[in-house]
Amino acid sequence: MMAEKRDGDEVTLTYSLKGMDLSNAQAAQDLLAVLKQESDTFLLADELARQQSQSFDEDDLDPEDDLPAKSWLIWAEAESDADSADNPAVSYPVGIGSISAGEVGIAVLNDYQNQGLGRLTIEAMIDWAEQVGYDRLWLDVDVSNAPARHLYDELGFEVQPGDEQEVKLPNGRVAELERRELSLA
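According to the numbering used here, the sequence shown is numbered sequentially starting from 1114.
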């Protein structure tokens, strides 16, 4: 939770995690557009997916491929003493998380980072993954992203030696990725 002062009124932000569905698809698209402007992480994900789709082998499918996938939006709700039926609290998405075939993805708007939202979101995602039967989760992280690597260390995601890879992005940057896994068994 975070509090800010605006025009003499205290505004309190509360956060919640909501499963993504058609009712919030436009909000998700708007959020993704901003996230893509803030970071080249999505360029990285797109380029990595493109490269991996060129070398797809059905024999390499994991059992996790048959498990459910889910995406969540991290919502902020701004509440103040001035809220009323005519002037309700404002809510908006500030981040997104997903699990698909065991792969974990998360992104939080820059202005909302370093408040514990990433940690709380990933912890909730891990709980969901255990409930639906995942044995492990994995992710690729840019080695230059020290805050994310620190978080993944604290949550128990272990570096998988030998699974490092370099990805050249359309903007010319070369990212070095490390694979991390979390055993849920």
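We treat Cβ as the ideally placed atom computed from N, Cα and C, and that holds for glycine.
| Check | Outcome |
| --- | --- |
| Coarse secondary structure for GLU1291, derived from DSSP in three states | strand |
| ARG1249 (DSSP reduced to helix, strand or coil) | strand |
| Inter-residue spacing [alpha-carbon to alpha-carbon] between LEU1174 and GLY1208 | With a pLDDT of only 49 at LEU1174, under 50, the local geometry of the prediction cannot be trusted, and the value read off the model is given with reservation. The alpha-carbon atoms of LEU1174 and GLY1208 are separated by roughly 29 Å. |
| Minimum length 3: unbroken beta strand (DSSP E) runs contained in the stretch 1177-1244 | 1183-1193, 1203-1213 and 1216-1221 |
| Buried or exposed by the 16-neighbour rule on C-beta atoms within 10 Å, applied to VAL1217 | buried |
| Host beta strand (DSSP E) of VAL1280 (start-end) | 1278-1281 |
| Exposure of ASP1266, with buried meaning 16 or more beta-carbon neighbours within 10 Å | exposed |
| Residues near VAL1147 by beta carbon distance below 7 Å, same chain, minus five either side | LEU1222 |
| Sequence-distant residues of its chain with Cβ nearer than 6 Å to ALA1288 (five each side left out) | LEU1157, ASP1255 and VAL1280 |
| Range of the contiguous alpha helix (DSSP H) that encloses ARG1262 | 1259-1268 |
| Buried or exposed (CB count within 10 angstroms, at least 16 for buried), LEU1295 | buried |
| Chain-order list of residues whose beta-carbon lies under 6 Å from that of GLU1171 (same chain, five-residue window excluded) | Note that GLU1171 has pLDDT 48, beneath the 50 cutoff, so the model's placement of it is unreliable and the number below is only indicative. Closer than 6 Å at the Cβ level, and outside the excluded window around GLU1171, lies no residue. |
| Which residues DSSP lists as bridging SER1152, in chain order | BP columns for SER1152 are empty, so no partner. |
| Length of the line joining the Cα atoms of THR1234 and SER1184 | 11 Å |
| ALA1198 classed as buried or exposed, judged by whether at least 16 other C-beta atoms fall within 10 angstroms | exposed |
| Neighbourhood of ARG1225 by C-beta distance below 6 Å, restricted to the same chain and skipping five residues each side | According to the sequence shown, residue 1225 is Tyr rather than Arg. Answer for TYR1225: VAL1207, listed in chain order. |
| Three-state class that DSSP yields for ASP1134 in the structure shown | coil |
| Spatial neighbours of GLU1190 in its chain, beta-carbon cut-off 6 Å, leaving aside the 5 residues before and after | THR1127, ALA1202 and SER1204 |
| Alpha carbon of LEU1252 to alpha carbon of TRP1188, nearest angstrom | 23 Å |
| Residue environment, GLU1291, which counts as buried when at least 16 other CB atoms sit within 10 Å | buried |
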